[in-house]
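Quick note: the sequence shown, position 360, residue 360 per the numbering used here, numbers continuous.
Before any comments, here is the structure.
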Amino acid sequence: MLRLAVAASALCLVLLPSLGQAQTASHALSLVGAPKYGADFKQLDYVNPAAPKGGEIKLVGLGGFDNLNPFIPKGDEAPGLGLIYQTLMTSPMDDVSAEYGLIAESVEVPDDLKWVGFRLRAEAKWADGSAITAEDVAYTFAQIKEKGEPATQYYYANVSRAEVLGPRQIKFHFDGPPNRELPQIMGQLPVIQKTQWQKRDFDKVTLEPWTGSGPYRIKEFEANRFIVYERNPNWWAKDLPINKGRYNFDRIRYDIYRDNTVTLEAFKSGQYDYRPENIARVWATGYDFPARQNGLVKMEKIKHERPGGLSGFVFNLRRDKFADPKLREALTYTFDFEWANKNFFFGEYSRAQSFFQNSDFAARGEPSAAELKLLEPLRAQLPARVFGPAYQPPVSDGSGTDRNTLRRARELLTEAGYSVKDGKLVDKAGKPLEIEMLLVDPAFERIAAAWGKSLERVGIKLTLRVVDSSQYTNRLRAFDFDVISGGWGQSDSPGNEQRSFWSTAAADNPSNRNYAGIKNPAIDKLVDAVIYAKDRDELIAATRALDRALTWGFYLVHGWTFGYDRIAYWDKFGHPEKTPKYGNDFMAWWVDAAKETKLREARR
């Protein structure tokens with residue numbers, strides 16, 4: 001299950017492990033055991049409830065924006081828009097498998113999982129002071145399901161209708177087999193104001209600000225240059241236990257940059273305050289500047305327990321050249337991860353093996369009896385190796401010219417019908433194999449170029465095409481590429497979002513995340529097995545079976561992973577002593593006035 005939003009009274013409701021008992025209204029839902037926090041909790045464990053409010057922070061947005069509507073597959077949305085709206089429920093960073101009431105004060109689910117009902121808080125208000133109503137919720141659902149991102153339409157595929165029961169009560173009805181995730185999926189629904197959005201076309205790009213219900217509202221902006229959010233001092237939810245100690249900054253400004261390399265120089269010169277660092281080389285070598293040496297800039301590695309998902313060089317099977325799995329497997333032998341890790345990544349990374357990396361859902365060893373029960377009826381539609389040991393990516397000697405891995409690549413290419421003529425790899429018709437890799441971040445050029453040199457050794461020409469973010473987004477939505485450097489994130493509870501990732505229906509539906517163009521009825525059935533798993537054990541078995549089918553399909557060259565966040569920041573902040581297990585919650589930080597004054601004086 002993926003979170004759609006950027007937001008973040010009775011017995012607790014646990015959606016595990018059986019469907020046999022009726023449930024009562026609750027303050028929380030959980031997919032894994034009981035929620036961490038009871039109905040009477042006062043605050044999250046990791047926050048500072050006395051954190052001071054105030055100050056301004058500056059952050060970075062990459063590429064540009066021409067749209068303030070984050071719910072549609074059009075335009076480039078402004079960064080930070082999740083700050084202005086709220087969802088029915090929300091998940092804290094130390095209990096991501098659970099959801100707690102936000103706009104909703106309670107939730108109710110029956111024993112057969114045929115619906116979910118929400119009762120809205122009486123105090124829930126829009127920024128203009130009007131009440132958030134069940135009509136707003138129903139309207140939002142109808143618009144997003146009909147006109148929103150295709151991925152969310154798949155997400156809501158088994159939600160048949162919304163029923164308004166009163167000004168503050170709404171029920172969502174489900175069809176299909178019992179689906180443990182759907183109640184929480186509906187809890188993630190962002191809510192917009194019906195009276196305002198009825199006056200505009202929901203599916204159109206807009207630069208007209210709109211009234212939200214979140215902790216911030218838009219103060220000012222200039223498309224493609226900057227956007228500033230100001231904290232709403234009268235925010236209705238500021239004293240809810242789930243929010244205490246969070247959203248402490250008075251103003252949040254995003255400045256837009258076109259190039260990530262430029263953003264590093266801007267950070268060094270103090271143009272913005274907080275920088276997550278995703279490039280190992282930059283982390284190792286890019287922060288040797290006076291402010292860092294003098295302690296004005298801090299660097300931290302923060303461990304987390306988030307599932308890693310999988311990224312790498314993704315093949316587009318809509319291109320005929322990638323139709324043969326032998327060719328795709330051959331290409332996996334041409335990327336020398338061990339050499340790249342040593343020369344580009346400073347040994348920071350390990351090789352990702354699973355589409356559900358760093359989780360219980362990753363396939364391991366031989367298939368279990370529960371996995372085989374799902375896989376055996378699909379044997380004719382799956383590679384034989386799915387029924388053996390879990391996939392392991394090739395391992396090189398780290399030299400960058402490992403003859404063994406390249407020899408295996410050539411063997412597979414020969415088996416696929418390719419041969420080398422005049423130094424070029426050609427198919428049976430004599431057509432050279434050439435690949436274009438679409439990139440949006442120039443930082444990946446060095447890694448892609450290294451792969452290109454390895455491909456040259458087997459006769460394949462790799463062309464790198466770096467485009468701006470707008471063009472990249474449009475080409476990605478249209479599946480107009482040979483190969484991308486991309487991937488799929490995962491959660492602690494895989495489910496309905498897997499349709500958007502792997503299903504046949506999503507393969508040719510623009511804007512979905514089936515980047516590889518996978519069309520395999522066996523994978524479709526395994527996705528359904530994940531979605532309709534009745535308990536955690538069934539979910540683990542179904543997801544591991546799906547993982548085997550995906551990894552042995554060779555849909556990408558596996559990339560790299562690491563289990564911590566890297567952050568750099570100017571020393572003007574205070575932050576909680578305790579870090580939540582699923583990663584840093586920056587919205588629990590605050591501006592420390594004394595540190596900010598000291599920093600300002602040091603910069604003079």
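Ideal Cβ placement from N, Cα and C applies to all residues, glycine included.
Just how far apart, CA to CA, sit residue i and residue j?
i       : j       : result
Ala-237 : Asn-260 : 35 Å
Gly-489 : Val-96  : 14 Å
Glu-497 : Arg-603 : 47 Å
Glu-601 : Arg-566 : 27 Å
Val-282 : Val-60  : 17 Å
Gly-64  : Gly-80  : 13 Å
Val-591 : Leu-317 : 49 Å
Ala-380 : Phe-554 : 17 Å
Pro-389 : Pro-49  : 49 Å
Ala-409 : Thr-332 : 8 Å
Phe-315 : Asn-248 : 43 Å
Asp-402 : Gly-486 : 25 Å
Ala-506 : Arg-544 : 21 Å
Ala-522 : Ala-588 : 44 Å
Gly-517 : Phe-322 : 10 Å
Leu-62  : Asp-427 : 40 Å
Asn-234 : Glu-577 : 28 Å
Ala-593 : Asp-273 : 14 Å
Thr-597 : Ile-84  : 29 Å
Ser-350 : Glu-123 : 48 Å
Arg-477 : Ile-72  : 12 Å
Asn-474 : Glu-366 : 41 Å
Gln-21  : Lys-125 : Confidence at Gln-21 is low in this model, with a pLDDT of 36, below 50, so the placement of that residue should be treated as unreliable; the coordinate-derived value is given next. Cα-Cα distance, rounded: 34 Å.
Pro-183 : Leu-113 : 8 Å
Ala-266 : Asn-158 : 46 Å
Tyr-37  : Tyr-46  : 12 Å
Phe-202 : Gly-101 : 26 Å
Leu-13  : Val-109 : In this predicted model, Leu-13 has a pLDDT of only 35, less than 50, meaning its place in the structure is not dependable enough to derive any value.
Phe-356 : Arg-364 : 11 Å
Pick out whichever of the options has its Cα sitting closest to the Cα of residue i.
i       : options                            : result
Thr-133 : Ile-567, Glu-305, Val-467, Gly-166 : Gly-166
Ala-25  : Val-32, Pro-52, Glu-105            : Glu-105
Lys-171 : Asp-508, Arg-457, Gly-117          : Gly-117
Gly-583 : Arg-281, Pro-307, Gln-169, Arg-292 : Pro-307
Gly-82  : Gln-471, Leu-413, Arg-217          : Arg-217
Phe-41  : Pro-52, Val-32, Ala-28             : Ala-28
Ala-340 : Met-186, Gly-574, Phe-444          : Phe-444
Thr-414 : Phe-221, Leu-327, Ser-350          : Leu-327
Arg-200 : Ile-242, His-173, Ala-127, Asn-69  : Asn-69
Glu-163 : Asp-136, Gln-184, Phe-337          : Asp-136
Asp-468 : Gly-400, Tyr-257, Glu-220          : Tyr-257
Ala-51  : Lys-244, Arg-385, Pro-276, Trp-451 : Lys-244
Arg-683 : Asp-480, Lys-572, Asn-520, Pro-35  : The structure shown does not extend to residue 683, since the chain spans only 1 to 604, so no value can be given for it.
I'd like to know whether the C-beta atoms of residue i and residue j end up nearer to each other than 8 Å.
i       : j       : result
Tyr-569 : Lys-298 : yes
Pro-92  : Pro-580 : yes
Asp-239 : Glu-56  : no
Thr-561 : Asn-358 : yes
Thr-90  : Glu-77  : no
Phe-344 : Ile-447 : yes
Arg-246 : Val-228 : no
Gln-169 : Arg-119 : yes
Ala-533 : Ala-542 : yes
Asn-67  : Gly-75  : yes
His-575 : Leu-310 : no
Lys-268 : Ala-291 : yes
Gly-214 : Gln-86  : yes
Asp-324 : Ala-416 : yes
Glu-348 : Ala-280 : yes
Glu-329 : Ser-396 : no
Tyr-515 : Lys-303 : no
Phe-335 : Ser-454 : yes
Met-128 : Thr-211 : According to the sequence as given, residue 128 is Asp; it is not Met. Contact flag set, yes.
Return the Cβ separation of residue i and residue j in integer angstroms, given the expectation that the two are a contact with Cβ distance under 8 Å.
i       : j       : result
Pro-383 : Trp-502 : Not confirmed; about 15 Å, so no contact.
Ala-362 : Asp-547 : 6 Å
Gln-353 : Lys-58  : With a Cβ gap of about 39 Å, Gln-353 and Lys-58 do not count as contacting.
Arg-180 : Leu-31  : 6 Å
Leu-378 : Phe-387 : So it is not a contact: roughly 10 Å between Cβ atoms.
Gly-33  : Val-107 : With 8 Å as the limit, Gly-33 and Val-107 do not qualify as a contact, their Cβ atoms being about 17 Å apart.
Leu-406 : Arg-457 : 6 Å
Leu-44  : Ile-242 : 7 Å
Examine chain B for any beta-carbon lying closer than 8 Å to the beta-carbon of residue i, and answer yes or no.
i       : result
Val-282 : Absent from the structure is chain B; it holds one protein chain and no more.
Q) Hey, is the stretch 182-191 in contact with the stretch 139-159, meaning 3+ C-beta pairs nearer than 8 Å? A) Three or more beta-carbon pairs drawn from the stretch 182-191 and the stretch 139-159 are found closer than 8 Å, and the two stretches are therefore classed as touching.
Checklist line | Any 3 or more C-beta pairs closer than 8 Å across the stretch 147-167 and the stretch 503-511 | finding: Result yes; three or more Cβ-Cβ pairs closer than 8 Å.
query: Taking one C-beta from the stretch 463-476 and one from the stretch 437-455 each time, how about it: are there three or more such pairs within less than 8 Å?
result: Between the stretch 463-476 and the stretch 437-455 there are three or more C-beta pairs closer than 8 Å, enough to call the two in contact.
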